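> Using the numbering used here, read the sequence shown as starting at 836 and increasing by one per residue. My questions all concern the structure below.
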Amino acid sequence: MMKYPIGTQSFEQLRKDGYVYVDKTALIYRLVTTGRIYFLSRPRRFGKSLLLSTLRNYFLGRRELFEGLAINALEKEWAEYPVFSIDFNSSNFTKAGTLDRVIEETVSSWEREYGRSEDFTDVGRRFAHVLRKAHEATGRRCVVLIDEYDKPLLDVLDTDYTIDVGGQRRPLEDWNREVLKGFYSVFKAADNDLQFVLLTGVTKFAQVSVFSGFNQPQDISMDARYEALCGITQEEMERYFAEPIEEMAVKFKTDREGMLAMLKRNYDGYRRCVVLIDEYDKPLLDVMDTDYTIEVSGQRRRLEDWNREVLRGFYSVFKAADNDLQFVLLTGVTKFAQVSVFSGFNQANDISMSEKYEALCGITQEELERYFAEPIDAMAEKLGITHDEVLQRLKAQYDGYHFSIAMKDIYNPFSLLRAFDELRIDSYWFATGSPEYLMRLMARSSENLNELVGRYYPPRMFIEYKATPDMPLPIIYQSGYLTIKDYRQSRDTFLLDYPNMEVQNGFISLAASEYFKSRNGKVDFWLQDLLDAMEDGKPDRMGQLWIPHHQGLRQGLRLFPPRLPQQGGTAGIPVPRSVRILCLQGGCRQHCQKHGDRHEGR
């Protein structure tokens, strides 16, 4: 009966006790003869420890354990090398001082065999001395095998564990990283004494910070030549496990092929993961520029800061799980929190302004005419206009978004589809909800929002990761209320303006509904009365309405306090003059210019 090495990580025990062994030694021979210092990342329970045990016995020259295996015919010398093995998997590193103790005990055991020099006190230099003495004593360079190199960091990753260092508390994660960095730095100094080094682990997240003290190892985690170094391939399964497959087929009342298919569905196809996160920034936008707080350990903290910390901890997993990830896509409205939220892992490739992916979302002109010819004709018939006239109206109302210097016209898909469904051109996008985070920011901004439109900006001014009341442009642009209308290559500047009539009219109407309110919370009809007077040709009535209002603008009176959904009330925040002028401009459907602060006129 076949014996399965379940939980057995010792190559010697596996071979002597007759357990089944899937022969990986041809790959091992290639590994040891084509390079010297390697790093391999594989998931838990994937055969890393058995691989290191196999390498240990190979470098100890124990040919008898390899009889019948591929390497027995490949290797001619079978020399014995001094081997130094470290298994970090055997300890729990959440207790302060554990890592220091494990390394100290390990190096001390080697020193008892090869001697200790009193000239060296730090553990890294002591280890280097051991390697040198072993090289001198045996005449052969050393082999170092480290299992679960990252466990001392994974055990304390994103925890509150600390350690007392010189009377001060330090994060245990930082301390363990420094200890490992000092220990691994020996590989650079001892390069001449090393024959072969292999470090295995689950992650690569600490590779740069931990291995910075020596030349980077060759990472074979995604090397096609060594893909099957750990784990079992389909060919290996059918070759080594034919007997149990037949037994299982009888038990499950199927044939051999059916059993193989069942095993493949359940255990094969080890694939890296895909992570898709929609609206990554909503937990921050909901509380941005508000007074919401949360109680943490008896203290009140700003909810915006707390949510940012929670997201940072959550997203930091991408760095630790790099080898397990096939594809990651995060979408959102803004980029304002990218640096602060994503600081825990390598920055994502931002394709927001990439020419290659400009049409990834939205509908292009060609797509509109190709896929929607039928509803365009139906709309033309209902409105009593031609097919081309419908296209012109749709373009003015919903087109005009540009997301790169290629300037490809992109339609808003939501409004376009609603228009076809209703056979009516209207403002559908704004009916889905108001962007309160933007209105809160505008309420605190001293910027003349009317003057932000129709100007050229360098990209840093509207692609910044953090919007503030002093610079609301990034949030306005990223929220879709402004878009690129031109690119000036000589100065690397972009012209920003409203994308289309729906956005311009909707944004201004939204601003009006938020800001032009009376003290009792009801909508103030001042703007509508002014527009009626203009349309009716009543200049005296216009003056009666406009002059008192403009005096309020000049004097900074809180005539129309904004409605802001915050804790602790909203009174006392002056409405920016620019917002009111912007609303008037939108109501008039004309371009308005500001001519000084004199309310009497020009």
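Note that the Cβ used here is the ideal one computed from N, Cα and C, for glycine as well. Bear in mind the structure is a predicted one, so any value in this text is a computation, not a measurement.
(1) If I measure Cβ to Cβ from Q1053 and keep anything under 6 Å in the same chain, skipping five residues before and after, which residues do I get?
(2) Relative to the C-alpha of L1331, which candidate in I1211, P1294, S1325 and D1367 has its C-alpha closest?
(3) Count the other C-beta atoms from every protein chain shown that fall within 10 angstroms of the C-beta of M837, then say buried if there are 16 or more, exposed otherwise.
(4) Among the candidates N907, L989, D995 and E1114, whose CA atom is the shortest distance from the CA of V1037?
(5) Can you tell me whether DSSP reads D982 as helix, strand or coil?
(6) Short of 7 Å in beta carbon distance, which residues of its chain neighbour F846, apart from the five on each side in sequence? Order them along the chain.
(7) For S920, write down the residues that DSSP places opposite it in a beta bridge.
(8) Expressed to the nearest angstrom, what Euclidean distance is found between the alpha-carbon atoms of D1090 and E1070?
(9) Can you list, in chain order, the residues of its chain with a C-beta nearer than 7 Å to that of S986? Leave out the 5 residues immediately preceding and following it.
(10) May I ask you to report which of helix, strand or coil DSSP gives Q1030?
(11) Relative to the C-alpha of Y1127, which residue among D1140, E948, Q848 and P1307 is closest?
(12) Helix, strand or coil: which one does DSSP assign to T933?
(13) Would you say the segment 1156 to 1165 touches the segment 1096 to 1111, given that touching needs at least three Cβ pairs under 8 Å?
(14) Would you tell me roughly how many angstroms separate the C-alpha atoms of K1313 and Y1150, rounded to the nearest one?
(15) Look up Q1498 in the DSSP assignment and give the residues it is bridged to.
(16) With distances taken Cα to Cα, identify the nearest neighbour of G1315 among S1325, V1288 and R1326.
(17) What does V1163 pair with, by DSSP beta-bridge criteria?
(18) Could you give the first and the last residue of the continuous beta strand (DSSP E) run that contains D1332?
(19) Using 8 Å as the cut-off, can you tell me whether the segment 1238 to 1254 makes contact with the segment 1318 to 1329, which would need three or more C-beta pairs spanning the two stretches below that distance?
(20) Counting C-beta neighbours from all protein chains within 10 Å, is the total for L821 16 or more, i.e. buried, or is it exposed?
(21) What number of angstroms, rounded off, separates the C-alpha of V965 from the C-alpha of E915?
(22) Sort M1306, M1336 and F1238 by Cα distance to Y1322 and report the nearest one.
(23) Using the C-alpha atoms, what's the distance from L866 back to V918?
(24) Starting from S876, follow the beta strand (DSSP E) in both directions and report where the run begins and ends.
(25) For G853, collect the residues of the same chain with a Cβ closer than 7 Å to its Cβ; drop the 5 residues on either side in sequence, then sort them by chain order.
(26) Does the beta carbon of M1336 fall short of 7 Å from some heavy atom of the ligand SAH?
(27) Report the partner residues of R1290 according to the DSSP bridge assignment.
(28) Please return the same chain residues whose Cβ sits closer than 6 Å to the Cβ of S952, not counting the five positions on each side in sequence.
(29) Once you ignore the five residues that flank Q1402 on each side, which residues in its own chain have a CB closer than 8 Å to its CB?
The short version:
(1) For the purposes of this step, residue 1053 is taken as the residue at position 218 of the sequence shown. G870 and Y873.
(2) As a working mapping, residue 1331 is identified with position 496 in the sequence shown. For L1331, the nearest C-alpha among the options comes from P1294.
(3) For the purposes of this step, residue 837 is taken as the residue at position 2 of the sequence shown. Label assigned to M837: exposed.
(4) Your numbering for residue 1037 matches position 202 in the sequence shown. Of the candidates N907, L989, D995 and E1114, the one whose C-alpha sits nearest the C-alpha of V1037 is L989.
(5) Looking up residue 982 in the sequence shown gives position 147. In this structure, D982 counts as strand in the three-state DSSP scheme.
(6) Translated into positions along the sequence shown, residue 846 becomes position 11. Answer for F846: L885, S888, T889, N892 and L900, listed in chain order.
(7) For the purposes of this step, residue 920 is identified with residue 85 of the sequence shown, where counting begins at 1. Assignment of beta-bridge partners to S920 by DSSP yields L980.
(8) Against the sequence shown, residue 1090 aligns to sequence position 255. Against the sequence shown, residue 1070 aligns to sequence position 235. Rounded to the nearest angstrom, the two C-alpha atoms are 18 Å apart.
(9) Position 151 of the sequence shown, counted from the start, is the residue given in the question as residue 986. For clarity, residue 986 is Lys in the given sequence; the question names Ser instead. If we look at K986 and ignore the five residues flanking it on each side, its Cβ neighbours are F923, N924 and F928.
(10) Residue mapping note: residue 1030 aligns to position 195 of the sequence shown, counting from 1. Looking at Q1030 - three-state DSSP - the assignment turns out to be strand.
(11) Looking up residue 1127 in the sequence shown gives position 292. Nearest of D1140, E948, Q848 and P1307 to Y1127, Cα basis: D1140.
(12) As a first step, residue 933 is located in the sequence shown; it is residue number 98 there, counting from the start. In the structure shown, T933 sits in a helix (DSSP, three-state: H, G or I).
(13) Taking 8 Å as the limit for Cβ pairs, the verdict is that the segment 1096 to 1111 does touch the segment 1156 to 1165.
(14) As a position in the sequence shown, residue 1313 is number 478, starting the count at 1. As a position in the sequence shown, residue 1150 is number 315, starting the count at 1. Residue identity differs from the one stated: residue 1313 is Gln in this sequence, not Lys. Approximately 21 Å, taken between the alpha carbons.
(15) Within the shown structure, residues of the chain are numbered from 836 to 1437, placing residue 1498 beyond reach of any answer.
(16) Position 480 of the sequence shown, counting from 1, holds the residue named residue 1315. When only C-alpha atoms are compared, the closest one is V1288.
(17) For the purposes of this step, residue 1163 is identified with residue 328 of the sequence shown, where counting begins at 1. Paired residue(s): V1110.
(18) Looking up residue 1332 in the sequence shown gives position 497. Where D1332 is concerned, the enclosing beta strand (DSSP E) stretches over T1328 to D1332.
(19) Contact holds: three or more Cβ-Cβ distances are below 8 Å.
(20) It is not possible to answer for residue 821, since the shown part of the chain is limited to 836 through 1437.
(21) In the sequence shown, residue 965 corresponds to position 130, counting from 1. In the sequence shown, residue 915 corresponds to position 80, counting from 1. Rounded to the nearest angstrom, the two C-alpha atoms are 17 Å apart.
(22) Here residue 1322 refers to the residue found at position 487 when the sequence shown is read from its first residue. That would be F1238, whose Cα lies nearest to the Cα of Y1322.
(23) For the purposes of this step, residue 918 is identified with residue 83 of the sequence shown, where counting begins at 1. For the purposes of this step, residue 866 is identified with residue 31 of the sequence shown, where counting begins at 1. The alpha-carbon atoms of V918 and L866 are separated by roughly 17 Å.
(24) Here residue 876 is taken as the residue at index 41 of the sequence shown, counted from 1. Element bounds for S876: I872 to S876.
(25) In the sequence shown, residue 853 corresponds to position 18, counting from 1. Cβ within range, chain order: K838.
(26) No copy of the ligand SAH occurs in the structure displayed, which carries no ligand at all.
(27) Your numbering for residue 1290 matches position 455 in the sequence shown. Per DSSP, L1331.
(28) Numbered from its first residue, the sequence shown carries residue 952 at position 117. Same-chain partners within the cutoff: H964.
(29) On the sequence shown, residue 1402 is found 567 positions in, with the first residue counted as 1. For Q1402, the predicted structure reports a pLDDT of 38, less than 50, and the residue's modelled location is therefore unreliable. The matter cannot be settled from this model.
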